[in-house]
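*Asks:* Chains as they are written, first to last, in this note's numbering: chain A, 517 to 741; chain B, 517 to 741.
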DNA sequence: AATACATTCAAACAGTATGTTGAATGACAT
DNA sequence: ATGTCATTCAACATACTGTTTGAATGTATT
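Structure representation (structure tokens):
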């Protein structure tokens, strides 16, 4: 299979890149790495995997060219080797949304139940941010927020949201976002806030896409900025 | 693995799309289907597979949402379900080129040996075509040419090229293309023609990309147009 | 109805992937 | 040096993939 001609050889390599994307756990790891580089242990914990298992998935993706790693003291930090990896994942999503019945069912059955409204586009949000018309709410865990977030975003991780409703304005529109298009955090946040009478919509996707689009970002832990 | 939450379920589906791309033979089938829809038998023959084997690869890709099929009398014709599938394959190529050492080696060792010149961009070729400055040479098999090709292109399948050199002009620049970026036909053609003193360059990719870019195309068997 | 043909399905095989366990490596701290 | 911690490796059981073979299906042709 691997080597009748040079084209076959190349295609076998390209297929390996695709194979490296071909597992739910690995796509989840890529979503996490799209936020910021991370250690094996941190990834394992967030993705719900054993450390050894996460390590194997990471090695496989590194071999395929999806990731690179560097050592930082005792730990090894992995990150996406190329922004084009995000385009690939977005492509999988697109093909799935449009051509796989089960995907459409889940989107209709779970996601649209939490938030049926049209999401806000990046462009529109960027514009309204400039005009100071909206409150932007980042519902990711604090460390992901610290690694990079939308300008002037308020960070309330989803788990704390019901306790901190008073930190949010009732009059202004709120735009919630998290890791990406199917990150459940923003959907759950939208459902919760709407139930409590807030005016809320979701950003169409997440922080990685915002950054990849070249829009301004901010870093650090502070709430104010 | 498949269903702790809705996100995991979606990711498992998206992973299936990636898995369907994860085999050299399947990428080759996709390259053929990017030219035009085709029967199982035709695909099997061109990809060098048994009919039953091709059928299984096709079924898998159809399930994943990459392909659709329709019956036409005795045969079943497959085609790409979505232009986004081409974007996905292009994404694999891009990640491979930039991040997999072996890919770079093969490109340097085989492809650049045949044609080290910068390829002509679609834009540039479209412009020069309008001005009537170039001869466009399509080296794909006749039936693929007939299904769609660049305007005013001359079709000389690679196998016939050495016998039909006199059909090509020595004075004008020739731009050769075939199925896509790593279709060997155009590289071999460029090497052969250059050896015989023609001025020849390659188009940066192939017919499917030209069509996907919305540039004008022509159909039918005639040589003149 | 009988035949021919294209495709799919089912069964079988070898080969490859996944996830677990426990041991090995490599880097830092004492 | 010794111990500790994060990561990787090796070995294993289990499940899935790719391919071949031959039979079954479904569609045209006679």
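Positions of the beta carbon are idealized from the N, C-alpha and C atoms, including for glycine.
Assuming residue 704 of chain A and residue 630 of chain A make a contact with CB atoms under 8 Å, what is their CB distance in whole Å?
*Replies:* Confirmed, Cβ separation roughly 6 Å.
*Asks:* Ignoring anything shorter than 4 residues, give me the alpha helix (DSSP H) runs that lie fully in the stretch 625 to 682 of chain B, in order along the chain.
*Replies:* Segments of the alpha helix (DSSP H) lying fully in the stretch 625 to 682 of chain B: 638 to 646, 658 to 663 and 674 to 677.
*Asks:* By Cβ distance, which residues of its chain are closer than 7 Å to residue 577 of chain B, with the 5 residues on each side in sequence left out?
*Replies:* Counting only Cβ-Cβ distances below 7 Å, and skipping sequence neighbours, we find 536, 542 and 583.
*Asks:* For a cutoff of 9 Å on Cβ pairs, would you count residue 615 of chain A as touching chain B?
*Replies:* It does; some Cβ of chain B falls within 9 Å.
*Asks:* By a C-beta neighbour count over all protein chains shown, 10 Å radius and 16 as the cutoff for buried, is residue 636 of chain B buried or exposed?
*Replies:* By the 10 Å Cβ count, residue 636 of chain B comes out buried.
*Asks:* Taking the alpha helix (DSSP H) that residue 585 of chain B belongs to, which residues open and close that run?
*Replies:* Per DSSP, residue 585 of chain B belongs to no alpha helix (DSSP H); it is in the beta strand (DSSP E), 583 to 588.
*Asks:* Can you grab the Cα-Cα spacing for the pair residue 524 of chain B / residue 690 of chain B, in whole Å?
*Replies:* Each residue's alpha carbon lies about 51 Å from the other.
*Asks:* Excluding five sequence neighbours on each side, which residues of the same chain lie with their C-beta closer than 8 Å to the C-beta of residue 810 of chain A?
*Replies:* What the structure shows of chain A is the stretch from 517 to 741, and residue 810 of chain A is not part of that stretch, so it cannot be assessed.
*Asks:* Which residues of the stretch 567 to 578 of chain B have a Cβ closer than 9 Å to any Cβ of chain A? Give them in chain order.
*Replies:* Within the stretch 567 to 578 of chain B, no residue qualifies.
*Asks:* Based on DSSP bridge pairs, tell me the residues matched to residue 689 of chain A.
*Replies:* DSSP, once it has assigned bridges, lists A:650 as partnering residue 689 of chain A.
*Asks:* Against chain B, does residue 597 of chain A count as a neighbour if the rule is that its beta carbon must be under 9 Å from one of theirs?
*Replies:* Yes, contact with chain B.
*Asks:* Closer than 8 Å by beta-carbon distance: list the chain A residues that pair up with residue 681 of chain B, in chain order.
*Replies:* Result: empty, since nearest Cβ-Cβ is about 24 Å, beyond 8 Å.
*Asks:* At a CB-CB cut-off below 7 Å, which residues of chain B make contact with residue 622 of chain A?
*Replies:* Per Cβ cutoff of 7 Å: 522, 525 and 526.
*Asks:* Against residue 603 of chain B, what residues of chain A qualify as contacts under a CB-to-CB distance less than 7 Å, listed in chain order?
*Replies:* Near residue 603 of chain B (Cβ distances below 7 Å), the residues of chain A are 607.
*Asks:* For my contact list, residue 533 of chain B and residue 581 of chain A are in at a C-beta cut-off of 8 Å; report their separation, rounded to the angstrom.
*Replies:* That belief does not hold up - the Cβ atoms of residue 533 of chain B and residue 581 of chain A are roughly 19 Å apart, past 8 Å.
*Asks:* Cβ atoms of residue 693 of chain A and residue 544 of chain B: under 9 Å apart, would you say?
*Replies:* Taking 9 Å as the Cβ cut-off, residue 544 of chain B and residue 693 of chain A do not qualify as a contacting pair.
*Asks:* Is residue 678 of chain A buried or exposed, if buried means 16 or more other CB atoms sit within 10 Å of its CB?
*Replies:* Burial call: exposed.
*Asks:* To which residues does DSSP link residue 719 of chain B through a beta bridge?
*Replies:* Looking at the DSSP assignment, residue 719 of chain B forms a beta bridge with B:636.
*Asks:* Between residue 686 of chain B and residue 605 of chain B, what straight-line distance do the alpha-carbon atoms span, to the nearest angstrom?
*Replies:* If I take the Cα positions, the gap works out to 36 Å.
*Asks:* DSSP three-state call for residue 614 of chain B: helix, strand or coil?
*Replies:* It is helical.
*Asks:* For a contact meaning CB atoms closer than 7 Å, what does residue 725 of chain A contact in chain B?
*Replies:* Those within 7 Å of residue 725 of chain A in chain B number zero; the least Cβ separation is about 15 Å.
*Asks:* For chain B, find out if any of its Cβ atoms is closer than 9 Å to the Cβ of residue 693 of chain A; answer yes or no.
*Replies:* It does not: the Cβ of residue 693 of chain A has no partner Cβ on chain B nearer than 9 Å.
*Asks:* Out of B:658, B:726, B:716 and B:713, state which residue places its alpha-carbon closest to the alpha-carbon of residue 736 of chain B.
*Replies:* Of the candidates B:658, B:726, B:716 and B:713, the one whose C-alpha sits nearest the C-alpha of residue 736 of chain B is B:658.
*Asks:* If you check the beta carbons only, do residue 551 of chain B and residue 660 of chain B fall under 9 Å apart?
*Replies:* The answer is yes: Cβ separation under 9 Å.
*Asks:* For residue 710 of chain A, which residues of its own chain have a beta-carbon under 6 Å away from its beta-carbon, when the five flanking residues on both sides are left out?
*Replies:* For residue 710 of chain A, where only same-chain residues beyond five positions count, the Cβ hits under 6 Å are 716.
*Asks:* Got a sec, what are the start and stop residues for the alpha helix (DSSP H) residue 542 of chain B sits in?
*Replies:* Note, residue 542 of chain B: alpha helix (DSSP H), 540 to 551.
*Asks:* Reducing DSSP to helix, strand and coil, say where residue 594 of chain B ends up.
*Replies:* Of the three classes helix, strand and coil, the one that applies to residue 594 of chain B here is strand, per DSSP.
*Asks:* Which one or two residues does DSSP pair with residue 555 of chain B in a beta bridge?
*Replies:* The partner list for residue 555 of chain B (beta bridge, DSSP) reads B:593.
*Asks:* Could you tell me the alpha carbon to alpha carbon distance between residue 517 of chain B and residue 540 of chain A, rounded to whole angstroms?
*Replies:* Reliability fails at residue 517 of chain B, whose pLDDT of 43 lies under 50, so the model's placement of it is uncertain and the value that follows must be treated cautiously. Computed Cα separation, rounded: 8 Å.
*Asks:* Can you tell me whether residue 649 of chain B is buried or exposed, with buried defined as 16 or more other CB within 10 angstroms of its CB?
*Replies:* Looking at its Cβ environment, which holds fewer than 16 other Cβ atoms inside 10 Å, residue 649 of chain B is exposed.
*Asks:* With 16 as the cutoff for other CB atoms within 10 Å, does residue 621 of chain A come out buried or exposed?
*Replies:* That one is exposed.
*Asks:* Note the first and the last residue of the continuous alpha helix (DSSP H) segment covering residue 712 of chain A.
*Replies:* No alpha helix (DSSP H) holds residue 712 of chain A; DSSP gives it neither H nor E.
*Asks:* For the alpha helix (DSSP H) that contains residue 525 of chain B, what are its first and last residues?
*Replies:* Segment 522 to 537, the alpha helix (DSSP H) holding residue 525 of chain B.
*Asks:* Only counting the same chain, and skipping five residues up and downstream in sequence, which positions put a Cβ closer than 7 Å to that of residue 608 of chain B?
*Replies:* Taken in chain order, the residues that qualify are 537.
*Asks:* What's the C-alpha gap between residue 531 of chain B and residue 616 of chain A?
*Replies:* Looking at the two C-alpha atoms, the distance is approximately 12 Å.
*Asks:* Which residues bound the alpha helix (DSSP H) around residue 760 of chain B?
*Replies:* Here chain B covers residues 517 to 741 and nothing more, so residue 760 of chain B does not appear.
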